[in-house]
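Sequential numbering of the sequence shown, starting at 32, is according to this note's numbering.
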Amino acid sequence: DRTRDHEITSLLDRHGFCYTGTAGDGLRLARDKARAKARVKAAVRAGVAVPRDYSPPSRHSSGDLPYPVFVKPRLADGSDAISGAALVHTHGALRQRIKSLRQRKLTPAMCEEYIEGRDLFVALLGNKPNVMLPLKLVVGRQDAGAPQFATRLLKHDDAYKRRWRVSYREAKLPRAVLAKIRKVSQKIFHTLKLRDYARLDFRLTADNRLYFIEANPNPDLGRHTFGRERCFAGVEYPELIRRIVQSALHRRRS
């Protein structure tokens, strides 16, 4: 049950062990997507927006949110239950989607404004932190049925990725946009009490409006997370591990 990961770090803290990564308070805050967005909206006022959202079953309509609406588990991670069905276009589909999440015990659900734009992934290393160049999701094949966002299949199924020619590349963005991403990413990192390393997910609209989607305090650290020989931070794998451990040791000594 990954929703209880904060209990492990709390146990390590209680016994005085040094470990890498975010502590329990940051893990709890980042896991609750609605709470994390509300915290970011209140603390990081300039440079970034957050999609509007509401939590059913308080109301099973899109309210003030125009369709399509993105419906996902509020407390899940690892793209659990994120498929094409997460994007609903009608009231009937919204109710069916919420029912499906409830049957799979993936509630509470969160209904979120869908932001049309590019998926950007921003890695952060250290506790200043250093903000790495954003990577963008590229779907090379744009036939009917092409994925519009990062689903679980798109992230984890190699055959699916080959079919749609999925890749990740450094986003070529104007200097002003890159500066904005760097500034707001550092603020979000501290606001959500993240440590040592993290990944932030954004969407960037056609007019360069930046939206914060969610924070990942314990992203996949595999060598090929974003394709062949590209770890989540875009640096050499041994260097990635060295910098994470160094950051934790520095915090311990201070």
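We put the CB at the ideal spot given by N, CA and C, even for glycine.
Sequence-distant residues of its chain with Cβ nearer than 7 Å to residue i (five each side left out)
| i | result |
| --- | --- |
| residue 200 | 166, 167 and 169 |
| residue 91 | The pLDDT assigned to residue 91 is 49, lower than 50, so where the model puts this residue is not dependable, and the model offers no usable value. |
| residue 34 | 62 and 106 |
| residue 258 | 198 and 199 |
Sub-8 Å separation of residue i and residue j beta-carbons
| i | j | result |
| --- | --- | --- |
| residue 140 | residue 230 | no |
| residue 181 | residue 110 | yes |
| residue 219 | residue 234 | no |
| residue 58 | residue 36 | yes |
| residue 217 | residue 276 | no |
Exposure of residue i, with buried meaning 16 or more beta-carbon neighbours within 10 Å
| i | result |
| --- | --- |
| residue 123 | exposed |
| residue 254 | exposed |
Span separating the alpha-carbon of residue i from that of residue j
| i | j | result |
| --- | --- | --- |
| residue 188 | residue 116 | 17 Å |
| residue 101 | residue 176 | 17 Å |
| residue 142 | residue 148 | 18 Å |
| residue 232 | residue 225 | 14 Å |
| residue 99 | residue 113 | 15 Å |
| residue 286 | residue 77 | Residue 286 lies beyond the residue range present for the chain, which begins at 32 and ends at 285; the question has no answer from this structure. |
For residue j and residue i, believed in contact at Cβ under 8 Å, the rounded distance
| i | j | result |
| --- | --- | --- |
| residue 67 | residue 223 | 6 Å |
| residue 81 | residue 242 | 6 Å |
| residue 279 | residue 227 | 5 Å |
Cut-off 8 Å between Cβ atoms - residues of its own chain near residue i, not counting five sequence neighbours on either side
| i | result |
| --- | --- |
| residue 205 | 239 |
| residue 195 | 170, 171, 172, 177, 178 and 185 |
| residue 40 | 50, 52, 53, 54, 55 and 58 |
Nonlocal neighbours in the same chain, by C-beta distance under 6 Å from residue i, ignoring five residues either side
| i | result |
| --- | --- |
| residue 144 | 82, 83 and 96 |
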